[in-house]
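Student: Before we start, here is the structure in question, set down as structure tokens.
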Amino acid sequence: MGAIYRREMGAFFTSGVAYVFLTVFFLLSGIFFYNGVILSGTTETSNMFGSMFIIVLFLIPILTMKLMSEEKKNRTDQGLLTAPVGLWSIVLGKYFSALTLFIIAESIVFVYSIILGYLGNIVWTTLLGNYFAMLFLGAGFIAIGIFVSSLTENQMASAVASMLVLFMLYLLDTFAANISNETLKKIVLSFSFYSKYIEFTRGVFSLPSVVFFISTAFLFNFFTVRVLDKRRWG
Amino acid sequence: MIEVKHLTKRYGDKQAVNDISFKVEKGEILGFLGPNGAGKSTTMNMLTGYISSTSGQILINGTDILEEPIKAKASIGYLPEIPPLYVDMTVDGYLGFVYDLKKCKLPRKAHLNDVCALCQLSNVRNRLIRNLSKGYKQRVGLAQALINNPPVLILDEPTVGLDPNQIIEIRTLIKKLGKSHTVILSSHILPEIQAVCDRIIIINKGVVAADGTADEIAKNITNEHKMTLRIEGDTHTAADKDKIVSAIRKIDGVKYVRADMEREKGIYDYDVEAEEKVDIRRALNQMCRENNWNILMLQLSDLTLEDIFLRITSSDIQVPRSDESSAPVIDLNVNEKGELVATEKQNGGQE
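First to last, the sequence lines map onto chains A and B. Okay, so the first sequence: first residue is 90 according to this note's numbering, each after it adds one. Okay, so the second sequence: first residue is 93 according to this note's numbering, each after it adds one.
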């Protein structure tokens, strides 16, 4: 797992994906920070984090698009799958490399908090709550992105499909609002990433939501492992 | 070392590999020979655990590749048909990655130096794989397989894309490795297999068509003796050719005669095949003396691996039988001199 993790981290930087991802992430979050926090004359960061959901949604597929699809296209998966490593090590090595880059990106909020510290008082618990909310969200989304990437050999197809899937998840709340049947509505909402995330940004720590995000990450990594396994039996 | 029992792979209803069994001992170099699409790569992919078999068993060092894949894979070095190279890495970076991936315990720097020296990569270690020539990429692929010094090496067409000098180098290297490793290599290049391998398995349409040394296979395939003759007739014209062919055909034990090209003016070569254990050379001499012909050359040609290969791989091609509809249609006409002329009419109205 370590070898694959280190290689993927290196590849993120040599291929330039890391720079694109970090630049766009810093730029957009900076705009949200400036507009939503500084210009509004507040140290309240929840709204900013709320808006970040959509950035995360569109940027994570860029991080994950190549991870499995390129291996298959370049036949480098043959090297990995015939090496004495398990499928979980392969998938998790890739997963944690993407997660690491995501953590580097979102840690920009600590820079923002230093700026805010000069301007007023920060509620650190809310800020940290928001930070971890985004971390859990990213953890779930990255697993979904890697799973989609394992289904195709084309990285562009992988990126577009993951964006679509994540966007549909975002729209779940809107769908749910139109459902009249209460039970069905509840079921649909229980899959909503957005409502769980927003709950966090408002400073509510909810263990079930944490479990939800982590289970999503586990489940989709498991699916990716199954895809790799199934390919051998095809 | 490697034991394969009744290995079968099906893709849907297409039978890619059908009930293959063989054994390879330590220190043996086994050549896998077959035309494209015969199932060589599929078999190798199963041996290395990249794909699973539909049925059958593969034991590497006594370990079942499907039951204990990690243990079995640890003793295999694999060079697939397309080397699994990350082209955005340097040679050193990539080999270091493979070293970590295989959880190699050998001293890192020394081992990587050894492998690079063995594959003659020492002067390109800091270059990006993307910028290397095909030959170098192939060598990086081979180096990757050699890392961690696995006792079993499986090489799928290792010399593809190399220039003749490099091919000889790689062959020498494989031969050297074969002394301490078990090597399976595949190729459709016959001289390569003949030059490197102790034993050959010819695989065709997913089944083992022959298994043994080149000589053994040749013996099993055929007991015939082939020779090439150059005979000088008395008239030095094409008419000699027919006379000589029919005369040779009359010799006892001759199975097959064919006139070949005109090698010298008015003198032709003849390919002759005799039956098992019949030496026709004396009878040939006798015949030539009687007809006042001269044998200018007599060359015995044993079956080459190429002949064997062609025979085996094309043996299931049925010779089309002529029935009424495909039989030539003959037109009979009387020409102006009053002679009967037969002309063959081709089917389909061609002239």
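By construction, the Cβ of each residue, glycine as well, lies at the ideal position given by its N, Cα and C atoms. Everything numeric in this text was worked out from a predicted model, so none of it was measured.
1. Determine the chain B residues that contact residue 322 of chain A at a beta-carbon separation under 7 Å, and present them in chain order.
2. For residue 410 of chain B, name the three-state secondary structure that DSSP assigns.
3. Under a three-way DSSP split, which group does residue 245 of chain A fall into?
4. So the candidates are B/354, B/341, B/231, B/295; which of them puts its Cα closest to the Cα of residue 526 of chain B?
5. Which residue spans inside the segment 110–144 of chain B form an unbroken beta strand (DSSP E) run of at least 3?
6. What number of angstroms, rounded off, separates the C-alpha of residue 312 of chain A from the C-alpha of residue 238 of chain A?
7. Contact criterion: CB-CB distance below 8 Å. Does residue 167 of chain A meet it with respect to chain B?
8. What did DSSP end up calling residue 173 of chain B once you bin it into helix, strand or coil?
9. Measure from the alpha carbon of residue 279 of chain B to the alpha carbon of each residue in B/259, B/271, B/273, B/357, then state which is nearest.
10. Tell me whether residue 98 of chain B is buried or exposed, calling it buried when 16 or more other Cβ atoms sit within 10 Å of its Cβ.
11. Looking only at its own chain, which residues have a Cβ that is under 7 Å from the Cβ of residue 288 of chain A, when we skip the five neighbours before and after it?
12. Using the beta-carbon of each residue, which ones in chain B are nearer than 9 Å to residue 100 of chain A?
13. Checking contacts by CB at 8 Å: is residue 174 of chain A closer than that to chain B?
14. One question on the structure: do residue 286 of chain B and residue 252 of chain B come within less than 8 Å of each other, judged by their Cβ atoms?
15. Can the beta-carbon of residue 359 of chain B be found closer than 8 Å to that of residue 382 of chain B?
16. Using the beta-carbon count (16 or more within 10 Å), is residue 268 of chain B buried or exposed?
17. Which residues in chain A have a C-beta closer than 9 Å to the C-beta of residue 108 of chain B? List them in chain order.
18. If I measure Cβ to Cβ from residue 339 of chain B and keep anything under 7 Å in the same chain, skipping five residues before and after, which residues do I get?
19. Consult DSSP for residue 168 of chain B and reduce its assignment to one of helix, strand or coil.
20. Could you tell me whether any Cβ in chain B is nearer than 8 Å to the Cβ of residue 253 of chain A?
21. What residue does the alpha helix (DSSP H) around residue 214 of chain A start on, and which one ends it?
22. Quick check on the burial criterion: 16 or more other C-beta atoms within 10 angstroms. Buried or exposed for residue 106 of chain B?
23. Going by CA-CA distance only, name the one from A/204, A/257, A/246, A/165 that's closest to residue 180 of chain B.
24. Residue 170 of chain B touches chain A at which residues, Cβ-Cβ below 7 Å?
25. Taking Cβ to Cβ, would you say residue 244 of chain B is nearer than 8 Å to residue 273 of chain B?
26. How is the alpha helix (DSSP H) around residue 155 of chain A delimited, first residue to last?
27. Report the neighbours of residue 189 of chain B on chain A: residues whose CB is nearer than 9 Å to its CB, in chain order.
28. With 16 other CB atoms within 10 Å as the buried threshold, where does residue 244 of chain A fall?
29. What does DSSP give as the partner residue(s) for residue 279 of chain B in the beta ladder?
30. Contact defined as beta carbons within less than 8 Å: I believe residue 242 of chain B pairs with residue 162 of chain B. What is the distance between those atoms, to the nearest angstrom?
31. Would you kindly report the start and end of the unbroken beta strand (DSSP E) that includes residue 100 of chain B?
32. Should residue 266 of chain A go down as buried or exposed, given a rule of 16 or more other Cβ atoms within 10 Å for buried?
33. Applying the 10 Å Cβ sphere with the 16-neighbour rule, what's the burial state of residue 330 of chain B?
34. What are the boundary residues of the alpha helix (DSSP H) that includes residue 277 of chain A?
35. Check residue 292 of chain A in the structure and name its three-state DSSP category.
36. Using a C-beta cutoff of 8 Å, does residue 276 of chain B count as contacting chain A?
Tutor: On the basis of the coordinates in this document:
1. Here residue 322 of chain A refers to the residue found at position 233 when the first sequence is read from its first residue. Under the 7 Å cutoff, chain B gives 144.
2. Walking along the second sequence from the start, residue 410 of chain B turns up at place 318. For residue 410 of chain B, the pLDDT reaches just 33, beneath the cut-off of 50, and the residue's location in the model is therefore unreliable, although a value from the coordinates is still provided. DSSP, read as helix, strand or coil, puts residue 410 of chain B in coil.
3. Along the first sequence, read from residue 1 onward, the residue named residue 245 of chain A stands at position 156. Residue 245 of chain A: helix per DSSP, three-state reduction.
4. Past the boundaries of the shown model lies residue 526 of chain B; chain B is included only from 93 to 443, so the question cannot be answered.
5. 121–125
6. Your numbering for residue 312 of chain A matches position 223 in the first sequence. Your numbering for residue 238 of chain A matches position 149 in the first sequence. Roughly 11 Å separates the two Cα atoms.
7. In the first sequence, residue 167 of chain A corresponds to position 78, counting from 1. The beta-carbon of residue 167 of chain A is placed less than 8 Å from the nearest beta-carbon of chain B.
8. Locating residue 173 of chain B in the second sequence gives position 81, where the first residue counts as 1. Residue state, collapsed to three classes: coil.
9. In the second sequence, counting from the first residue as 1, residue 279 of chain B sits at position 187. The candidate whose alpha carbon is nearest that of residue 279 of chain B is B/259.
10. Position 6 of the second sequence holds residue 98 of chain B. When all chains shown are included, residue 98 of chain B counts as exposed.
11. For the purposes of this step, residue 288 of chain A is taken as residue 199 along the first sequence, with counting starting at 1. Contacts found: 295, 298.
12. Numbered from its first residue, the first sequence carries residue 100 of chain A at position 11. The contacting residues are 178, 180, 181.
13. Walking along the first sequence from the start, residue 174 of chain A turns up at place 85. Residue 174 of chain A counts as touching chain B.
14. Indexing the second sequence from 1 puts residue 286 of chain B at position 194. Indexing the second sequence from 1 puts residue 252 of chain B at position 160. Cβ atoms of residue 286 of chain B and residue 252 of chain B: not closer than 8 Å.
15. Counting from 1 along the second sequence, the entry for residue 359 of chain B is found at position 267. Counting from 1 along the second sequence, the entry for residue 382 of chain B is found at position 290. No, they are not a contact pair.
16. The residue labelled residue 268 of chain B in the question sits at position 176 within the second sequence. Looking at its Cβ environment, which holds fewer than 16 other Cβ atoms inside 10 Å, residue 268 of chain B is exposed.
17. Along the second sequence, one-based indexing puts residue 108 of chain B at 16. Near residue 108 of chain B there are no residues of chain A at all, since even the closest Cβ is about 12 Å away, more than 9 Å.
18. Indexing the second sequence from 1 puts residue 339 of chain B at position 247. So the list reads 379, 383, once near-sequence residues are dropped.
19. Working through the second sequence from its first residue, we reach residue 168 of chain B at position 76. Reduced to three states, the DSSP call for residue 168 of chain B is strand.
20. For the purposes of this step, residue 253 of chain A is identified with residue 164 of the first sequence, where counting begins at 1. Output row for residue 253 of chain A: interface = no.
21. Taking the first residue of the first sequence as 1, we reach residue 214 of chain A at position 125. Annotation for residue 214 of chain A: the continuous alpha helix (DSSP H) segment containing it runs 213–238.
22. Along the second sequence, read from residue 1 onward, the residue named residue 106 of chain B stands at position 14. Here residue 106 of chain B is exposed. Its C-beta has fewer than 16 other C-beta atoms within 10 Å.
23. Translated into positions along the second sequence, residue 180 of chain B becomes position 88. Measuring from the Cα of residue 180 of chain B, the nearest candidate turns out to be A/165.
24. The residue labelled residue 170 of chain B in the question sits at position 78 within the second sequence. Per Cβ cutoff of 7 Å: 171.
25. Along the second sequence, read from residue 1 onward, the residue named residue 244 of chain B stands at position 152. Along the second sequence, read from residue 1 onward, the residue named residue 273 of chain B stands at position 181. Yes. Within cutoff.
26. Locating residue 155 of chain A in the first sequence gives position 66, where the first residue counts as 1. Run containing residue 155 of chain A: 135–162, per the alpha helix (DSSP H) assignment.
27. Against the second sequence, residue 189 of chain B aligns to sequence position 97. Simply 92, 93, 95, 96, 99.
28. Taking the first residue of the first sequence as position 1, residue 244 of chain A is located at position 155. When all chains shown are included, residue 244 of chain A counts as buried.
29. Taking the first residue of the second sequence as position 1, residue 279 of chain B is located at position 187. Answer is B/125.
30. Taking the second sequence and counting its residues from 1, the one referred to as residue 242 of chain B is at position 150. Taking the second sequence and counting its residues from 1, the one referred to as residue 162 of chain B is at position 70. So it is not a contact: roughly 13 Å between Cβ atoms.
31. Along the second sequence, read from residue 1 onward, the residue named residue 100 of chain B stands at position 8. First-last of the beta strand (DSSP E) with residue 100 of chain B: 94–103.
32. Start at 1 with the first residue of the first sequence, and residue 266 of chain A comes out as number 177. With fewer than 16 other Cβ atoms within 10 Å, it is exposed.
33. In the second sequence, residue 330 of chain B corresponds to position 238, counting from 1. Label assigned to residue 330 of chain B: exposed.
34. Start at 1 with the first residue of the first sequence, and residue 277 of chain A comes out as number 188. Counting along the chain, the alpha helix (DSSP H) containing residue 277 of chain A begins and ends at 271–279.
35. Here residue 292 of chain A corresponds to residue number 203 of the first sequence, with the count starting at 1. Correct three-state label for residue 292 of chain A: coil.
36. On the second sequence, residue 276 of chain B is found 184 positions in, with the first residue counted as 1. No - not a single Cβ of chain A is within 8 Å of the one on residue 276 of chain B.
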